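Structure record follows, encoded as structure tokens.
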Amino acid sequence: MSLEVPIGEKHLEIRYTGVYDIGGVYNTIRTWFDMRRYDYMETLNKDKVSTVFGNEVEWKMTPEQKIDGFIKYKISVDTHFYDVKEFDAVVDGQKTKMTNGKFWIKINGTVEFDWQDKFKTPFAKWALNFLVKELFKRYYRYKYIYKLNEDLYDLQTEIKKFLKMEIASNAYYTT
Amino acid sequence: MPEVKALTYGEAMNYTGLINVEDLYKLIDKWFRDHGYKRNELWSFEEVFEDGKQITLKLQPFKEASDYIKMEIRISATLKKLTEVVIERKGLKYKTMKGEAHFVFDTFVVTDYEGHWETKPIYFFFKTVAEKFLYRSYIDNFKDALLRDKEDIKHEIRKFLNMQRLGDY
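In the order they appear, the protein sequences are chains A and B. For the first sequence, this note's numbering gives the first residue as 64, with consecutive numbering after it. For the second sequence, this note's numbering gives the first residue as 115, with consecutive numbering after it.
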């Protein structure tokens with residue numbers, strides 16, 4: 064049975080109300096995962112006609128990346144778009160489809176130890192817990208958990224930069 | 115469960131005038147990075163209303179001062195009625211924003227954040243006695259450092275906003 068350690072106590076969240084390009088948001092997220100060679104998976108892609116103001120769109124992405132035979136990164140991106148109604152607009156001299164509405168994006172991550180389920184017996188499970196949470200706690204924290212945390216903030220910054228939000232900088236590291 | 119002590123709670127600061135939001139956010143982010151705090155962004159909301167943009171930000175960066183004590187500073191910022199304006203300084207035109215800003219500063223000291231001394235009642239008892247009588251000055255040093263950090267970041271933000279107002283840059 065694998066051991067999953069969550070990154071942080073709370074997920075990262077972006078909420079935005081205004082004009083945006085919904086296709087561009089999807090491409091930004093998808094490109095970010097592809098550039099970092101995550102195995103992309105989408106568990107939910109819903110487009111529902113809800114009100115006269117527009118559709119309701121939901122995506123749930125759960126990409127994973129196997130770091131080695133023992134550790135795997137798992138990221139979960141939940142998005143929910145409200146009042147999605149596309150209209151034609153000219154942006155930077157090019158005609159594109161834009162949307163006026165609101166949405167939120169929640170980004171979360173976990174580091175999975177023993178994703179191959181080799182530690183099966185009760186003693187092995189205890190040993191796995193002891194190894195990860197006591198013996199090599201700082202090693203795993205600084206080498207893997209903080210690294211994934213930085214990656215999540217980088218993804219959040221990329222999305223904010225695409226939306227041209229005012230609070231879109233990241234002083235902790237630049238890519 | 116770790117013990118959280120709030121040193122200051124609800125310290126507010128208000129400002130109305132010119133705000134370069136991008137540079138202000140960079141200043142806060144860079145200050146925490148330079149002082150060894152780890153990033154923890156709880157909220158980042160941006161909404162467009164009829165009277166302007168509204169940005170709601172809640173940051174709670176933390177510093178693990180030791181394996182027993184963690185220092186946290188929480189900054190809740192609400193920037194309202196932000197509209198773009200063009201100002202002229204020394205013959206050059208700059209785009210910036212104008213609006214209202216409301217900041218709230220809270221500071222917390224978290225002891226036993228890894229939860230080692232909560233597993234048994236006798237451990238909890240020893241921890242409480244040690245904190246109250248044996249390690250009081252040790253913990254107080256970190257409390258003083260945290261309050262200094264809070265005043266420093268507050269002063270930096272005030273200085274940044276006042277610089278914009280006076281036009282000296």
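We put the CB at the ideal spot given by N, CA and C, even for glycine. Keep in mind the model is a prediction, meaning the values are calculated, not measured.
So, are the CB atoms of residue i and residue j less than 8 Å apart?
{"i": "Glu186/B", "j": "Val224/B", "result": "yes"}
{"i": "Ala215/B", "j": "Leu193/B", "result": "yes"}
{"i": "Tyr103/A", "j": "Gln128/A", "result": "no"}
{"i": "Val120/A", "j": "Ile85/A", "result": "yes"}
{"i": "Phe176/A", "j": "Ile138/A", "result": "no"}
{"i": "Phe217/B", "j": "Ala126/B", "result": "yes"}
{"i": "Asn233/A", "j": "Asp148/B", "result": "no"}
{"i": "Pro175/B", "j": "Phe222/B", "result": "no"}
{"i": "Asp220/B", "j": "Arg250/B", "result": "no"}
{"i": "Thr106/A", "j": "Thr91/A", "result": "no"}
{"i": "Ala191/B", "j": "Phe256/B", "result": "no"}
{"i": "Gly117/A", "j": "Lys148/A", "result": "yes"}
{"i": "Met228/A", "j": "Glu161/B", "result": "no"}
{"i": "Gly150/B", "j": "Lys184/B", "result": "no"}
{"i": "Ile70/A", "j": "Tyr139/B", "result": "no"}
{"i": "Thr162/A", "j": "Tyr83/A", "result": "yes"}
{"i": "Trp95/A", "j": "Leu215/A", "result": "no"}
Quick check on DSSP: helix, strand or coil for residue i?
{"i": "Phe176/B", "result": "strand"}
{"i": "Phe163/B", "result": "strand"}
{"i": "Tyr182/B", "result": "coil"}
{"i": "Tyr83/A", "result": "strand"}
{"i": "Asn134/B", "result": "coil"}
{"i": "Asn154/B", "result": "coil"}
{"i": "Ser113/A", "result": "strand"}
{"i": "Ser251/B", "result": "helix"}
{"i": "His149/B", "result": "coil"}
{"i": "Ala234/A", "result": "coil"}
{"i": "Glu245/B", "result": "helix"}
{"i": "Lys234/B", "result": "coil"}
{"i": "Glu265/B", "result": "helix"}
{"i": "Ile271/B", "result": "helix"}
{"i": "Met127/B", "result": "strand"}
{"i": "His74/A", "result": "coil"}
{"i": "Phe133/A", "result": "coil"}
{"i": "Met104/A", "result": "coil"}
{"i": "Asp91/A", "result": "Sequence inspection shows Thr at residue 91/A; the Asp mentioned does not correspond to that position. Correct three-state label for Thr91/A: helix."}
{"i": "Tyr227/B", "result": "coil"}
{"i": "Met115/B", "result": "coil"}
{"i": "Leu280/B", "result": "Residue placement at Leu280/B is poorly supported in this model, since its pLDDT is 48, which falls under 50; the coordinates still yield a value, given next. Leu280/B: helix per DSSP, three-state reduction."}
{"i": "Met98/A", "result": "helix"}
{"i": "Lys123/A", "result": "strand"}
{"i": "Lys209/B", "result": "strand"}
Quick check: does the Cβ of residue i come within less than 7 Å of any heavy atom belonging to the ligand NAD?
{"i": "Ile142/B", "result": "This structure lacks the ligand NAD, and indeed carries no ligand of any kind."}
Problem - Segment contact flag, the region 189-199 of chain A with the region 209-224 of chain A, C-beta cutoff 8 Å, min 3 pairs - result: no
Exercise for the section: Would you check if there are 3 or more beta carbon pairs closer than 8 Å linking the region 156-174 of chain A to the region 127-145 of chain A? Expected result: yes
Practice task
Please go through the region 149-229 of chain A and give each complete alpha helix (DSSP H) segment of 4 or more residues, from N-terminal end onward.
Solution key: 185-193, 200-203 and 209-225
Exercise for the section: Please determine if the region 253-273 of chain B and the region 153-163 of chain B are in contact, where contact requires at least 3 C-beta pairs separated by less than 8 Å. Expected result: No, they do not touch.
Handout entry: Interfacial residues, the region 159-175 of chain B to chain A, with Cβ spacing under 7 Å
Key = Phe159, Glu160, Glu161, Val162, Ile169 and Leu171
Handout entry: the region 191-207 of chain B contacting the region 165-177 of chain B, beta-carbon criterion three pairs below 8 Å
Key = yes
Practice task
Pair every Cβ in the region 133-152 of chain B with every Cβ in the region 226-236 of chain B, then say whether three or more of these pairs are closer than 8 Å.
Solution key: no
Practice task
Kindly confirm or deny that the region 115-125 of chain B and the region 203-216 of chain A touch, where touching means at least three C-beta pairs closer than 8 Å.
Solution key: no
Exercise for the section: Flag this pair as touching only if the region 147-159 of chain A and the region 191-204 of chain A have three or more C-beta atom pairs under 8 Å; answer yes or no. Expected result: no
Practice task
Output, in sequence order along the chain, the residues in the region 125-141 of chain B whose CB is closer than 8 Å to any CB in chain A.
Solution key: Legend: CB atoms of the region 125-141 of chain B lying less than 8 Å from CB atoms of chain A belong to residues Val135, Glu136, Tyr139 and Lys140.
Practice task
Give the residues from the region 77-101 of chain A that approach chain B closer than 7 Å (Cβ to any Cβ), ordered along the chain.
Solution key: Ile77, Arg78, Tyr79, Thr80 and Gly81
Practice task
Using a Cβ-Cβ cut-off of less than 7 Å, list which residues of the region 174-202 of chain B approach chain A; keep chain order.
Solution key: none
Exercise for the section: Please list the residues of the region 243-276 of chain B that have a C-beta atom closer than 7 Å to any C-beta atom in chain A, keeping them in chain order. Expected result: none
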